[in-house]
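Protein chains in written order, with the numbering used here: chain A, 1 to 235; chain B, 236 to 640. Glycine residues also receive a C-beta, built at the ideal position from the N, C-alpha and C atoms. Step one of this worksheet: look at the structure below.
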Amino acid sequence: MSVIKIDGLTKIYNQGMIDVAALRGVNLVVEKNEFVAIMGQSGSGKSTMLNILGCLDRPTDGKYELEDVDVSQLRDDKLADIRNRMIGFVFQSFNLLPKLSAYENVELPMIYAGVGSVARRKSATEALDRVGLGDRMRHKPNELSGGQKQRVAIARSLVNSPNIILADEPTGNLDSASGDEIMQIFQSLNKDGATIVMVTHEQDIAACTKRTVTFRDGLIIKDVPVEQKLLGGVV
Amino acid sequence: MNVAESARSSIKNVFANKMRAFLTMLGIIIGIGSVIMIMAIGSGSQAQMNSQFEEMGLGRITIMLASYDQSITEQDFLTAKDYAALKENTDVKYLSASLNYSAEVKLLDPKETNRASLTGIYGEYEEIASPEILFGRYIVDNDIALKSNVCVINNSTAVNVFGVADDSVIGKQIHVPTYRGTQKFTVVGVLDNPNAEMESYFSNEAQESIFLPITTLQNLLGTKRFDTMQAVVVDPNKSTEVATALTKRLDILHGTEEKYYAQNTMSLMDQINEMMGMITGFISAVAGISLVVGGIGVMNIMLVTVTERTREIGVRKSIGAKRRDIRTQFLLEAIILTGIGGVLGLILGYAGGIGIGNLIGVTPMITVQSILLAVGISCGIGILFGVYPANKAAKLDPIEALRYE
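If you want it as structure tokens, here you go:
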């Protein structure tokens, strides 16, 4: 059973008089426990791809099955539910809520899922421990370093036990040491069974994954397995 | 997301910017405050007036001719026959009639006189006007039957005529010069005049009050008629029906149609209450316009808030917030703003009511209804003016919202 199965996916943006095709018939299958890097230059369609994979956007045409369920034309609230329970997001700019503490940020997806407060405390604490921030739970985002913020974001993406983690240039705003820390966490999560799809344009980062899919002009031009470079400390 | 979680998060957001929250509330505070103040003063003065009516006595009816134009004939006037007829009505507890005559009375110095109002009455007038008898007795049925030359006077009149107001006055005679010569009436009782001070305050030559048996005065004036009749009904709540029954009875007796008019304190009170209610309502409505202005202020700030927090909305949506969750959050923020504004306005309005009430001598009254109304209206304004910004937030596209800088 594939986690993601995409068939002839097309996305056309209507910009005034002219239609711009961001994706033109993409086929892709991602199996459970894969670790995929999506590469490509800006404008190649990789971000559009990630938005559709993340159910933030709908394709113009084609089929997208997430865990064998066709989600390509679902209603807004249904998509919100899928984002909440099946998908974990990690953004380049972290996207933490600045007024909430690390703990509260991590708790938020569970609040929307209707999880009770006792279960929330347990899961949020576990997730923050998992990313090594068990001692920073009460800190606000502006009291944390970039790497720490991204670790909070990863913890937030984990709490509802998603089927897939989607990351959009997760190391893009970080120095290389912090970037390595983040990649270590992803590798470790993948080792424990997580399925991860990550957009990046850095070769080094892509080298830490198991498979590289390269986009150009809305099509996949290369899809190769990678000799994964395991970072130190991943156990 | 359940309501309790939303409310917690909304309260946090509202108090994150206290100054802005307060300024936004201010419109609601002033609006609710002025409405509550007016309503408190309005119901306070209404209650005061009602208690004055109750002091005057509810269930009192005064019957008179509806008009004194040319259509009135000699037979239409009220007489002792009518008195006897109305007395048969079992709903009537006390009945009297009165006849007024303006004359003069000789004072302590026999060369001086003072204006006096002579009022002819039945003995039951005591129960209707309920004066306090200081010395002696009131007019009794026997006086009426014998047309005796007796009178009851006010204590202020006693002082003016005899120099003192004590029981030594009883049995003395007062002298009233009339066109039929000077009449002498023996004083049988002295009444308290609670208005004496006020009367002397308003005119330096206060009118003397002299109450006579009505038959005595009729005899003196050579007439059989009354000016008015007064009744107290058994059940004050039935005043209006009894008043109608009495005037109908009179019309039948005299063979007339709607010639008689009955004024009763109960319906007078109802009319005044209705009028007061209308005035209070109208002024409150005018003050309520400021609530609309306050509501627009709330809407304005909520729209600014939604724009400022576009990115937050994007983040919340990306991690699974549904439209309903976002809408509830912003709507609750608006309701919390206006709700707190309403409660503060309530307090301010009541305080203002006490302040103004002190100046004009009214005790402001705050009713449960006005509290519920204030809180209800302010929350309603939150919903009314919060729905549009909340919907705008709920409908934001997650990708667009996430990109917003």
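Starting from the beta carbon of residue i, find every residue of chain B whose beta carbon is closer than 9 Å, and list them in chain order.
| i | result |
| --- | --- |
| residue 156 of chain A | 554 |
| residue 215 of chain A | None at all; the shortest Cβ gap to chain B is about 18 Å. |
| residue 163 of chain A | By Cβ distance, chain B contributes nothing, its closest Cβ being about 14 Å from residue 163 of chain A, past 9 Å. |
| residue 84 of chain A | 554, 555, 556, 557 |
Quick check on residue i - is its C-beta less than 9 Å from some C-beta in chain D?
| i | result |
| --- | --- |
| residue 543 of chain B | No chain D is part of this structure, whose protein chains are labelled A and B. |
Secondary structure at residue i, three-state DSSP: helix, strand or coil?
| i | result |
| --- | --- |
| residue 151 of chain A | helix |
| residue 217 of chain A | coil |
| residue 230 of chain A | coil |
| residue 94 of chain A | coil |
| residue 111 of chain A | helix |
| residue 248 of chain B | helix |
| residue 225 of chain A | strand |
| residue 312 of chain B | coil |
| residue 41 of chain A | coil |
| residue 54 of chain A | coil |
| residue 105 of chain A | helix |
| residue 344 of chain B | coil |
| residue 72 of chain A | coil |
| residue 24 of chain A | strand |
| residue 578 of chain B | helix |
| residue 3 of chain A | strand |
| residue 601 of chain B | coil |
| residue 634 of chain B | helix |
| residue 266 of chain B | helix |
| residue 64 of chain A | strand |
| residue 100 of chain A | coil |
| residue 339 of chain B | strand |
| residue 639 of chain B | coil |
Taking C-beta pairs closer than 7 Å, name the residues in chain A that residue i reaches, listed in chain order.
| i | result |
| --- | --- |
| residue 568 of chain B | Under the 7 Å cutoff, chain A gives no residues; its nearest Cβ is about 13 Å from residue 568 of chain B. |
| residue 558 of chain B | 76, 77 |
| residue 550 of chain B | 95, 97 |
| residue 633 of chain B | 56 |
Along chain B, in chain order, which residues have C-beta atoms closer than 8 Å to that of residue i?
| i | result |
| --- | --- |
| residue 113 of chain A | 555 |
| residue 151 of chain A | The contacting residues do not exist; residue 151 of chain A stays about 16 Å from chain B at best. |
| residue 189 of chain A | None at all; the shortest Cβ gap to chain B is about 18 Å. |
Can you give the beta carbon distance from residue i to residue j, rounded, assuming they're within the 8 Å contact cut?
| i | j | result |
| --- | --- | --- |
| residue 566 of chain B | residue 625 of chain B | 4 Å |
| residue 277 of chain B | residue 515 of chain B | 3 Å |
| residue 113 of chain A | residue 84 of chain A | 5 Å |
| residue 3 of chain A | residue 46 of chain A | Not confirmed; about 18 Å, so no contact. |
| residue 213 of chain A | residue 205 of chain A | So it is not a contact: roughly 14 Å between Cβ atoms. |
| residue 133 of chain A | residue 151 of chain A | 5 Å |
| residue 158 of chain A | residue 130 of chain A | 7 Å |
| residue 374 of chain B | residue 356 of chain B | 6 Å |
| residue 599 of chain B | residue 338 of chain B | Going by Cβ atoms, the distance from residue 599 of chain B to residue 338 of chain B rounds to 47 Å, so no, they are not a contact pair. |
What in chain A is Cβ-close to residue i, meaning under 8 Å?
| i | result |
| --- | --- |
| residue 653 of chain B | Examination of residue 653 of chain B is not possible in this model, given that chain B is present from 236 through 640 alone. |
| residue 547 of chain B | 97 |
So, for residue i: in the same chain, excluding its five sequence neighbours on each side, which residues have a beta-carbon less than 6 Å away from its beta-carbon?
| i | result |
| --- | --- |
| residue 280 of chain B | 597 |
| residue 406 of chain B | none |
| residue 382 of chain B | 450, 451, 454 |
| residue 443 of chain B | 340, 349, 351, 392 |
| residue 389 of chain B | 426, 428, 444 |
| residue 38 of chain A | 46, 199, 213 |
| residue 354 of chain B | 333, 335, 446 |
| residue 52 of chain A | 59 |
| residue 366 of chain B | 426 |
Whose C-beta lies closer than 7 Å to the C-beta of residue i among residues of the same chain, with five residues either side of it excluded?
| i | result |
| --- | --- |
| residue 310 of chain B | 489 |
| residue 246 of chain B | 571 |
| residue 160 of chain A | 84, 85, 109, 110, 113 |
| residue 622 of chain B | 566 |
| residue 583 of chain B | 264, 268 |
Just to make sure I have the definition right: I need the residues of chain A whose C-beta is within less than 9 Å of the C-beta of residue i. Which are they?
| i | result |
| --- | --- |
| residue 237 of chain B | 111, 114 |
| residue 572 of chain B | Within chain A, no residue comes near residue 572 of chain B; the closest Cβ sits about 17 Å away, beyond 9 Å. |
| residue 258 of chain B | The contacting residues do not exist; residue 258 of chain B stays about 20 Å from chain A at best. |
For residue i, which residues in chain B fall below 7 Å Cβ to Cβ?
| i | result |
| --- | --- |
| residue 51 of chain A | 634 |
| residue 80 of chain A | 552, 555, 556, 557 |
| residue 108 of chain A | 554 |
Sorted by chain position, which residues of the same chain lie with C-beta nearer than 8 Å to residue i's C-beta, five sequence neighbours on each side aside?
| i | result |
| --- | --- |
| residue 67 of chain A | 1, 3, 86, 163 |
| residue 22 of chain A | 11, 12, 13, 45, 48, 218 |
| residue 639 of chain B | 545, 546, 549 |
To test your reading of the DSSP string, which unbroken alpha helix (DSSP H) runs of 4 or more residues are found completely within the stretch 419–479 of chain B? 431–437, 449–456
Whole beta strand (DSSP E) runs in the stretch 354–411 of chain B with 3 or more residues, listed along the chain? 368–371, 385–389
3-residue-minimum beta strand (DSSP E) runs that sit fully inside the stretch 130–203 of chain A, ordered along the chain: 164–168, 196–199
Contiguous alpha helix (DSSP H) assignments of at least 4 residues, all confined to the stretch 282–337 of chain B: 315–322
Considering only residues of the stretch 539–580 of chain B, which uninterrupted alpha helix (DSSP H) runs meet the minimum length of 4 residues and lie entirely inside it, listed in chain order? 545–553
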